[in-house]
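Take a look at the structure below.
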Amino acid sequence: MPERSQFGAATPTHPVAATETPFATARKNALNFMLSAQTLMVGEVLFAASELFERTRTETHLLSEFVSKMAESHSVRDIRTMYQECSKHQIEFVRRDCERLFQHGERLLQTTSNLFAEPLRD
1 MPERSQFGAA TPTHPVAATE TPFATARKNA LNFMLSAQTL MVGEVLFAAS
51 ELFERTRTET HLLSEFVSKM AESHSVRDIR TMYQECSKHQ IEFVRRDCER
101 LFQHGERLLQ TTSNLFAEPL RD
């Protein structure tokens with residue numbers, strides 16, 4: 001019975017990464033950094049666009065709510081009550097917007113610091 005050949009038996013035992021020159025390693029690291037930075041920038045642009053759209057949608061909703069309540073009010077007391085309610089909604093909106101901005105800043109700092117981390121070896 002013929003013996004099976006062992007695939008990979010003649011391969012060298014040292015890893016290919018050890019034969020790379022420092023210049024090739026530096027080029028690979030620079031390329032990885034540039035690709036990661038580009039991915040980060042595109043992600044941030046997409047995030048900013050979605051946040052801007054969400055904020056516009058919320059502001060439009062608040063404005064339509066304000067206009068409808070103004071139309072419903074028949075006295076100064078109703079206008080004052082409506083103004084207080086709409087002010088509470090606006091303050092809540094600003095609070096949530098600040099929280100989102102803070103969380104976005106944390107995420108951006110974490111992602112940016114990961115760009116400068118030591119690359120993983122294959």
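Position 91 of the sequence shown, counting from 1, maps to 91 under the numbering used here, and the rest follow consecutively.
A virtual CB, placed ideally from N, CA and C, is assigned to each residue, including glycine.
Check: Given a cut-off of 8 Å on the beta-carbon distance, is the pair phenylalanine 93 and leucine 63 in contact?; Outcome: no
Check: Quick check on this structure: which residue in Glu65, Asp97, Arg95, Glu99 has the alpha carbon closest to the alpha carbon of tyrosine 83?; Outcome: Glu65
Check: What would DSSP say about glutamate 65, mapped onto helix, strand or coil?; Outcome: helix
Check: Between Glu59, Ala24, Gly43, Thr112, which lies nearest to cysteine 86 when the distance is taken from Cα to Cα?; Outcome: Glu59
Check: Over what stretch of residues does the alpha helix (DSSP H) that includes histidine 74 continue unbroken?; Outcome: Histidine 74 -> no alpha helix (DSSP H), and no H or E assigned at all.
Check: Excluding the 5 residues flanking arginine 55 on each side, which residues of the same chain have their C-beta closer than 8 Å to its C-beta?; Outcome: Asp97
Check: Among the candidates Asp78, Phe47, His89, whose CA atom is the shortest distance from the CA of glutamine 103?; Outcome: Phe47
Check: Check whether the Cβ atoms of leucine 109 and serine 36 lie closer than 8 Å to each other.; Outcome: no
Check: When burial is assigned at 16 or more other CB atoms within 10 Å of the CB, is serine 50 buried or exposed?; Outcome: exposed
Check: Assuming threonine 111 contacts leucine 52 under a Cβ cut-off of 8 Å, what Cβ separation, rounded to an integer in Å, is found between them?; Outcome: Wrong, their Cβ atoms sit about 20 Å apart, outside the cutoff.
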